[in-house]
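Accompanying notes for the structure given below.
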Amino acid sequence: MSLWRRWVALLDHREPATSLALARIVIGLTITAHLGHMVWVDGDLLVWTDAAYGGLRALEPGWLAHVGGLTPENVRALVLVTIAAALAFTAGAWTRLSAVVTWIGFRTLADLNSHSGGAYDELAKNILLFLLVSGCGRALSLDAWRAARRPGAGPADTLAPAWPRYALIFQLVLMYWATGMQKVSSGWVPGGAADALWYILQQPTWQRVEMTWLAPAFAVTQVATLGTWLFEQAAPILLLAYWFRHTRTRPGRLRAAFNRLDLRSLYLLLGVGMHAGIELSMEVGAFSWATMAIYAAALHPDEWTRIAQRIRARFLGGAVTPSGRS
Amino acid sequence: MPGWWPQVRAALVALHLAAITLSALPSPEGGLNRGTWSDPTVQAEFKAWSARFGMDKQAFEDQLWVFATGYGRAYKKLLTPVDPYEELVGSEQGWKMFIAPHRFPTRLEIAGRAKDGAWDVLFYESSDTATWRRGVLRLERLRSAIFRWGWPNYSSAWGRGCAALAGLAFEDFPALDEVRCRFWKARSPSPEEAIRGDLPEGAWVSARLVHRRDDGAPLVAERMEDAPDAPNQRGSISTPKGAAAEGVAP
């Protein structure tokens, strides 16, 4: 089969929508919590209203110019509409529509003030873009619940194209690799002092608490520095691990070694550990939570089914067999 | 042979992935500013890298500038066809995250006073006592702006930001006539210094003064002499002299 046909066939594959639905729930909750926090402390007004209304900067209103510009009322209304849409998106209610409104609302807000944002903005926008054209509402959603009650409903209604999930994994790899490639400080690159994380943890802007107490464990921060750098540089290996997993029946020693070591799971576990470390020691906004939305999509729907079966068996009783709960 | 839609979709997905890959390539954008290069954090990087390459620091810096500006031009050209698409779908890929540690970070202080009175510190980053509007000032989006304001190339944004924060302070404390915003800039301690408790000296920088206006005109942040009362004292990274909050009743 030609390369093109294989590519078309790969993207034409359909699977249960569980993984994409979990990604939808995680990113929906992340955006809701993030914007809700902004409203709670009136941060939305400071960051996104124009300087003429007490905001931090003179801002380009974009399409909001047609409704009166970046006034406190307009900004608050847009934030509240986006929160409502994100909540509906999380619940999977009118998923396509709520996805569009969340995407437009969050994009508009995130693009207003380039001085007051972070990588989490771009990550969330990219995740929403893929979910927008996916079938993420076909599982774990009010839409799926309603669809299942319709006459003639069948298992095919719960399937979604797999390609948005593949695209999200590609996005994760690209993000890690690109950020790793740009970590060019002598404190990051092997052969130097490996003190980047030590000094980053001393930055008052990002630290959760004062971190000078960590000094006796400086060697641990050095290992974490090199580990982080290597983890990010090695991100393309994750794509290879997925490919070898997808083609596990083919021959090849490298393929067999990747699958025997389960490098995919190992990489994802390391990633979860790294993000947990970031969350514990630093305040970097919604970044780690948004990333977890992709991690949810990084597992195959069957894996989530098995995890759910194990949880049910553990907490509701019953045995688990290799094919599921008995 | 699959139908036309799977093929069109496969082509669109391939083009999208190609576009975001191009866009994610390392970019010198934001770093091409010689004013920023004079910051001690950046200079420390040049010193470390020139030593690694066995080069003179100035020669290294000059050659890097030539390379970075050339690469920047090529990068911009490469992205010309991709930019409009990215803008349309919002798929920007700027993944510059902690590319280098800031070894000379800044901490924001906001203080206020009645006419000719003493300065009362309202907010000081990391302080447990000067915590006015801490909820909003510790928001990640505010911290992102505050981090930028500490760099010389964000000077005008810093002035506007200080005026906005002063506006909030005047609302909360009717007795205030003036608000001062400034940064405490100090080298972060090395692990050895942290263990010894021998913390590096620092200085107040980028001070701005805002006067209350009763005529409804926009508030303006004036530059003050840097470090007018810089303590430059040792052993106090988080609470330099003058930053101990006495508190101002709202």
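Sequence order for the protein chains is A and B. Take 0 as the starting number for the first sequence in numbering that gives the first Met the number 0 and just add one per residue. Take 0 as the starting number for the second sequence in numbering that gives the first Met the number 0 and just add one per residue. By construction, the Cβ of each residue, glycine as well, lies at the ideal position given by its N, Cα and C atoms.
Between the CA atoms of residue j and residue i - distance to the nearest angstrom
i: A177/A; j: W94/B; result: 6 Å
i: L31/B; j: W64/B; result: 8 Å
i: E60/B; j: F45/B; result: 7 Å
i: L327/A; j: G117/A; result: As displayed, chain A neither begins before 0 nor continues past 325, which places residue 327/A out of reach and without an answer.
i: D120/A; j: C161/B; result: 24 Å
i: R305/A; j: V100/A; result: 33 Å
i: V209/B; j: A216/B; result: 12 Å
i: R186/B; j: A220/B; result: 27 Å
i: P1/B; j: V7/A; result: 8 Å
i: L104/A; j: W144/A; result: The sequence shown places Gly at residue 104/A, rather than the Leu named in the question. Their Cα atoms are separated by approximately 27 Å.
i: G316/A; j: R95/A; result: 37 Å
i: V204/B; j: L28/A; result: 40 Å
i: G196/B; j: M210/A; result: 13 Å
i: G284/A; j: V38/A; result: 15 Å
i: V271/A; j: R75/A; result: 34 Å
i: A165/B; j: E200/B; result: 28 Å
i: A275/A; j: A57/A; result: 36 Å
i: E231/A; j: P100/B; result: 17 Å
i: L279/A; j: A20/A; result: 27 Å
i: S287/A; j: E139/B; result: 13 Å
i: M96/B; j: G191/A; result: 19 Å
Where residue i falls: helix, strand or coil (DSSP)
i: F88/A; result: helix
i: P160/A; result: strand
i: V172/A; result: helix
i: L335/A; result: It is not possible to answer for residue 335/A, since the shown part of chain A is limited to 0 through 325.
i: E108/B; result: strand
i: T17/A; result: helix
i: E224/B; result: coil
i: R142/B; result: helix
i: G27/A; result: helix
i: H210/B; result: strand
i: M0/A; result: coil
i: Q206/A; result: strand
i: M96/B; result: coil
i: M354/A; result: Residue 354/A lies beyond the stretch modelled for chain A, which goes from 0 to 325, so this question has no answer here.
i: M54/B; result: coil
i: D115/B; result: coil
i: W303/A; result: helix
i: G29/B; result: coil
i: A214/A; result: helix
i: S22/B; result: helix
8 Å Cβ cutoff, residue i in contact with chain B
i: G323/A; result: Only weak support is given to the placement of G323/A: the predicted model assigns it a pLDDT of 43, under 50, and the value that follows is read from those uncertain coordinates. With 8 Å as the cut-off, G323/A does not count as an interface residue toward chain B.
i: I306/A; result: no
i: P71/A; result: no
i: H274/A; result: no
i: D41/A; result: yes
i: Y328/A; result: The requested residue 328/A is not part of the displayed model; chain A covers only 0 to 325.
i: G186/A; result: yes
i: A240/A; result: no
i: W93/A; result: no
i: R56/A; result: yes
i: L128/A; result: yes
i: T178/A; result: yes
i: L45/A; result: yes
beta-carbon residue i near the ligand ZN non-hydrogen atom, thresh 7 Å
i: V46/A; result: Among the components of this structure there are no ligands whatsoever, and the ligand ZN is therefore not found.
Proximity test, Cβ basis, 8 Å: residue i and chain A
i: T20/B; result: yes
i: L175/B; result: no
i: S126/B; result: no
i: A67/B; result: no
i: P227/B; result: Here the model assigns P227/B a pLDDT of 46, short of 50, so the residue's position is not dependable and the matter cannot be decided.
i: R8/B; result: yes
i: K56/B; result: no
i: F146/B; result: yes
i: A23/B; result: yes
i: F169/B; result: no
i: E108/B; result: no
Beta-ladder partner(s) of residue i, from DSSP
i: D49/A; result: R56/A
i: T130/B; result: F122/B
i: R181/B; result: E108/B
i: A202/B; result: K184/B
i: M281/A; result: Q206/A
7 Å Cβ cut-off: residues of chain E touching residue i
i: N125/A; result: Here chain E cannot be found, since the structure's protein chains are A and B.
task: Note down, one range per segment and in chain order, each beta strand (DSSP E) of at least 3 residues found wholly within the segment 115-157 of chain A.
output: Considered as a whole, the segment 115-157 of chain A harbours no complete run of any beta strand (DSSP E) with no fewer than 3 residues.
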